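This report concerns only the one structure given below.
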Amino acid sequence: MKGCPTIGNNVYIGPGAKIVGVVQIGNDVAIGANCVVTKNIPEHSVVVGIHGVVVSDQGSVGYINRVDYDVVL
């Protein structure tokens with residue numbers, strides 16, 4: 004499957020995680036370290052494992068502490 008993923012807002016992507024193909028990652032998602040995501044992930048999910056599995060609906064709350072960055076160009 005060719006293409007690129009679409010990543011939502013406030014998404015935590017753990018170290019070594021891979022997101023492969025044309026998939027959509029919803030808002031407020033947490034993807035665990037070394038996870039391999041090959042399917043669409045609904046909003047407010049926590050995904051872990053090889054061939055990522057949703058294990059919670061708590062999302063990225065607590066993983067992302069600061070989202071009010073000022074953009075300086």
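Sequential numbering of the sequence shown, starting at 4, is according to the numbering used here.
Each residue gets a CB set at the ideal place from its N, CA and C atoms; glycine is no exception.
Just so we're clear, the structure is a prediction, and the values are computed from it rather than from any experiment.
Kindly give me the distance between the Cβ atoms of residue i and residue j, rounded to whole angstroms, as I take these residues to be in contact under 8 angstroms.
| i | j | result |
| --- | --- | --- |
| Val64 | Val58 | Contact doesn't hold; Cβ gap of about 15 angstroms is too wide. |
| Val32 | Val14 | 5 angstroms |
What separation, rounded to the nearest whole angstrom, lies between the Cα atoms of residue i and residue j?
| i | j | result |
| --- | --- | --- |
| Gln61 | Pro45 | 11 angstroms |
| Ile67 | Gly35 | 13 angstroms |
| Val39 | Val49 | 13 angstroms |
| His54 | Val25 | 15 angstroms |
If distances are taken between C-alpha atoms only, which option among the options comes closest to residue i?
| i | options | result |
| --- | --- | --- |
| Gly29 | Gly11, Ile16, Gly35 and Gly19 | Gly11 |
| Cys7 | Val40, Asn43 and Val23 | Val23 |
| His47 | Ala20, Gln27, Asn37 and Val39 | Gln27 |
| Asn37 | Lys5, Gly17 and Thr9 | Gly17 |
Got a sec, what are the start and stop residues for the beta strand (DSSP E) residue i sits in?
| i | result |
| --- | --- |
| Val49 | Val49 to Val51 |
| Ser83 | For the chain, the structure presents residues 4 to 76; residue 83 sits outside this window and is missing. |
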